[in-house]
Amino acid sequence: MDDRRRHSALPGEPGQAPSVAKDMENRIRQARPHVTRNEDLIFEVSSPGKSGVELPPLDVPTVCAEELLGKGLHRADVEGFPEVSELEVIRHFTRLSTWNYGVDTGLYPLGSCTMKYNPRINEVVASLEGLATDHPYTPESLTQGCLRILHEAARCLAEITGMDAVSLQPAAGAQGELTGILLIRACLADRGNPRKHILVPDSAHGTNPASATISGYEVRNIKSNARGCVDLAELDRALTEDVAGLMLTNPNTLGIFETQIREISSLVHARGGLVYMDGANMNALVGVARPADFGVDVLHLNLHKTFSTPHGGGGPGSGPVAVKRGLEPYLPVPTIEQSTDGSYRLDYDRPKSIGRVRAFYGNFGVVVRALAYILANGPEGLRQTTEDAVLNANYVMSRLQDVYELPYDQACMHECVFSDRRQAARGVRTMDIAKRLIDYGFHPYTTAFPLIVSGALMIEPTESASQAELDNFIEAMRSIAAEIEEDPPFVLKAPHTTRISRLDEATAARKPLLRWKPE
Amino acid sequence: MRYLPNSPAERAAMLEATGHQAIEELFAQIPEELRLRGRLNLPGPLSEPEILAFFRQAASESSREYVSLLGAGAYAHYRPVSIDALLSRGEFFTAYTPYQAEIAQGTLQAMFEFQTLMTQLTGQEVANASLYDGSTAATEAVLMALRITRRERVVVARTLHPEYREVLRTYVRHQGVEVKEIGYAASGRVNLDQLQAALERETAAVVIQSPNFFGTLEDAAPIAEIAHRSNSLLIVAITEPLSLGIVRPPAEADIVCGEAQSFGVPVAFGGPYLGFLATREKFLRQMPGRLVGQTRDSKGRRGFVLTLATREQHIRREKATSNICTNQSLCALAATIYLSLLGKRGLKALAEHNLAKAHYAAQQLCTVPGMATPFGAPYFNEFVVQVPAEGEELLAALRAEKVIGGLNLRKFYPELANHLLVCVTETVSKAAIDRTAEVCRRYYSGGLPFPACRG
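The listed protein sequences correspond, in order, to chains F and S. According to my numbering, the stretch in the first sequence is residues 214 to 732, in order. According to my numbering, the stretch in the second sequence is residues 18 to 472, in order.
What follows is the structure in structure tokens.
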């Protein structure tokens, strides 16, 4: 219980009795370390007359805005807008940053999210003048560097997946899914009948059914078998002539490879459907196996997962789509082509294209980072990365399965999934364990997903975790399991060491307060 | 490989702990015939200096030595250095979506501030934590209007960014939604007669842009009145939100959405950017995208949390309001920092500078015989210039003088073949404007040889 004592007080208040702490809080108010301090909103820090920028003198004649725009269109100023100095901005956001946990802070075993290291060189090259500054409508002859990067990145992703063509336009994974399903629709429509349903396994990400719905398909869920994989008999029954295709995550969300993927693809193809692979879990496959060989017709990749581009606190991502030759005519416009003279150009002349899914050419800056990652690794590095990711997940699995229930007991790929069933018997659920893990200095794993596991703990260490760090994590998980046996209420109140405790989410949703307003 | 933290000895120890003899055994579940034999045909591995050299070479094959008068949905503004200094903090850029609120208050509070800034700018009641970009934000706004009105038709101004219209069509094509386009008047604004004629009882929404694709500022009031008469919603898209520093927001609109790249996000060849969407409180539950709400923790302290997730795909699956999963958090953070730096006075002053530069440029270009600004309505930092002949030749002549003279509107509007869309932000100097006008003058007075001869 040493651990509990260590974590029982907030930093900066070592071991004080509550009344003393309260008194101190009243006396010194703001004078506390920023980690525990309430940094006000930027609007509350503000006071009139300040600004964090100074503009260079205007070198053209000044104009009267009210005159040019007319009284009806002119705005005097933006009410409530902040007024702060540069230093205050720097301090404000620096303090906020210290309240965050990132991959740079420590292990981030968030299953299905592939929270790997985001190399600094990626950031540097993405901000180079010329790459960060070229306008998307720059004439092609003047922006060959940007076009070459897009072309080369697409080529690398095609090689990694074994597919024939790649579109980098989708802005994120979910948009990649949508694009992929629209491609299937366009192809089948071209063959005469777009059909009506898309099959989605019950283990799938929630975006899969949502994307299929937007594409005009009705979603049919199919049940997984006892191994957590697609049940061939169930698939066989579900594959009517109304089925346009199957959306399959492989390895699936349990971290298990769909061993029968070839049979699955063949069955779908035999019934005239197409196979969509959600490539969210490609970190288990790069350099080891290629989706093209699985019989997959189209898949999307998450550059922000597999290819090390930062998650940024929730974006920007990038969700390129890779297709077999048969789907290439339908890719979004424009595509990036190389002319016979070696120069690059944008090709808009694609009569069968599904159209655009995003303005311009996708998240170019993210693609730059992903290409830098691929170049840094090379083929051997990418394969070693995959091996390490899979080894790390298996290491965690093998060392925790005596304390946490493993619903599907077999070697995993890049992530392992436990159930909280044993701990739930003591009234402690996966989210509670996750919150307690924060006290031990780790970001939690993914909770309660996939849905087919009761109280799932989905752990994806990625290749970026060292053995030493994993050992600490494993110790923490084992220690929490022991705490649950001894003192469940203590775990239920976790986290104990963060600057705020569990938040009242119910009130937040019932009475949404979504903006600051002056008092 | 320098990114991997385990040594061969550590790998061996870990493998042993798993009870396996060889790493291949961990991949045994992949059937033998599906495993890759041989190595991927990829370049690398490259050291850091080699990577830098590769991308520096690419960066040199760019337009960085040119003066650019391109806007059209992506705007070059000066980015204070503090933005990147703050964005490069690993706690911000290496974090995930803030599901674990206790260790993500930094991102959450910043997003709450972003939402507030967007409501202040747009004059709306609520704003989300951002969407992919302007084109998808406009599309999401339309999908939202379809849900609210339970109708299936949309009227879209041709002066909405052409690529936004393309994205919209891609999204609604398979949902039985009819999209009708309406043209522009001689002023460059929406043609109100065509709008009136296009509206039907089944029209869910009217979508306009302001400043529109021609840079022209719309007067939202009469458009809203016409739309609301048939109980349709008015959606106003904004691709240059810096205009809101001196232009009254379209308060009559039901949804204001658009692209906020102007706020501290690099032009970066088209992305990543950040879409925004703001609306009235009564439509909140039909709104797409992430929302951050203020609440209290168990000890009564203020904190922030992702909220109203029941609208979203991971809960609602096929019944979700949108398939969108992420926002563009880091870009929204950039915008929050940028707007905080500018503040009330800086935003207004910068908007005035843009207004002044663009009007000076228009004035100078109009002194060239044969060049004119055909649209009469007010504009912000972007405007259309009519040129005596097809615009491409002039653009080539300008390129020869290291000026990208704007966008040839023929690309999107065949009827405007001899028209250029010119954008002048604070980054374009008076000298550059004068030089551009001078090249035009020389070109049309025959002082320049035919551009093809100049290589």
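C-beta atoms are modelled at their ideal positions from N, C-alpha and C, and glycine is treated no differently.
Contacts of residue i in chain S (Cβ-Cβ under 7 Å)
i	result
F256(F)	T133
Span of the beta strand (DSSP E) around residue i
i	result
E195(S)	E195 to I199
R170(S)	R170 to A174
F293(S)	G292 to T296
G408(S)	Counting along the chain, G408(S) falls outside any beta strand (DSSP E), though it belongs to the alpha helix (DSSP H) covering G408 to A417.
T153(S)	Here T153(S) belongs to no beta strand (DSSP E); instead the alpha helix (DSSP H) covers G151 to T166.
F429(S)	Careful: F429(S) lies outside any beta strand (DSSP E) and carries neither H nor E.
D271(S)	That residue, D271(S), is in no beta strand (DSSP E); it is neither H nor E in DSSP.
L670(F)	A669 to I672
Simplified DSSP assignment, three categories, for residue i
i	result
R723(F)	helix
Y314(F)	coil
V509(F)	coil
S632(F)	strand
C277(F)	coil
G463(S)	coil
R313(S)	strand
L424(S)	strand
Y20(S)	coil
N438(F)	coil
Q226(S)	strand
Q137(S)	helix
M626(F)	coil
C369(F)	helix
E180(S)	helix
Q229(F)	Note that Q229(F) has pLDDT 45, beneath the 50 cutoff, so the model's placement of it is unreliable and no number is given.
G396(S)	The sequence given here places Tyr at residue 396(S); Gly does not occur at that position. Of the three classes helix, strand and coil, the one that applies to Y396(S) here is strand, per DSSP.
G320(S)	strand
P731(F)	coil
V422(F)	Val is not the amino acid found at residue 422(F); the sequence shown has Pro there. Residue state, collapsed to three classes: helix.
G458(F)	strand
Run of the alpha helix (DSSP H) containing residue i, from where it starts to where it stops
i	result
H370(S)	S346 to C383
S340(F)	S340(F) -> no alpha helix (DSSP H), and no H or E assigned at all.
V579(F)	F577 to L613
R450(F)	L445 to A451
T392(F)	G386 to R404
Interface residues of chain F facing residue i [CB-CB closer than 7 Å]
i	result
K197(S)	Per Cβ cutoff of 7 Å: no residues; K197(S) is ~17 Å from chain F at best.
K299(S)	The contacting residues do not exist; K299(S) stays about 12 Å from chain F at best.
Y83(S)	L355
Cβ-based burial, residue i [other Cβ within 10 Å; buried from 16]
i	result
D622(F)	exposed
Q357(F)	buried
R265(S)	buried
N438(F)	exposed
T327(S)	exposed
L300(F)	exposed
N465(F)	buried
S478(F)	buried
V432(F)	buried
K436(F)	exposed
S24(S)	exposed
P395(S)	buried
Anticipated Cβ contact below 8 Å, residue i with residue j, distance rounded
i	j	result
L516(F)	T522(F)	5 Å
F392(S)	A379(S)	Incorrect: roughly 11 Å between the Cβ atoms, too far for contact.
L650(F)	I693(F)	7 Å
F72(S)	V338(F)	4 Å
A589(F)	G61(S)	6 Å
Q122(S)	G320(S)	6 Å
Within chain S, partners of residue i - CB distance below 9 Å
i	result
Q597(F)	M18 and L21
R558(F)	The premise fails here: R558(F) is roughly 14 Å from chain S at the closest Cβ pair, so nothing lies under 9 Å.
Chain-ordered neighbours of residue i on chain F, where CB pairs are closer than 9 Å
i	result
L294(S)	Within chain F, no residue comes near L294(S); the closest Cβ sits about 12 Å away, beyond 9 Å.
C348(S)	G525, G528 and P529
Interface partners of residue i on chain F, CB under 8 Å
i	result
C383(S)	None at all; the shortest Cβ gap to chain F is about 15 Å.
L308(S)	P725 and L727
The ligand SAM heavy atom lying under 6 Å from the CB of residue i
i	result
I199(S)	Only the bare structure without any ligand can be found here, which leaves the ligand SAM out of the picture.
Chain-ordered neighbours of residue i on chain S, where CB pairs are closer than 8 Å
i	result
R361(F)	A75 and E78
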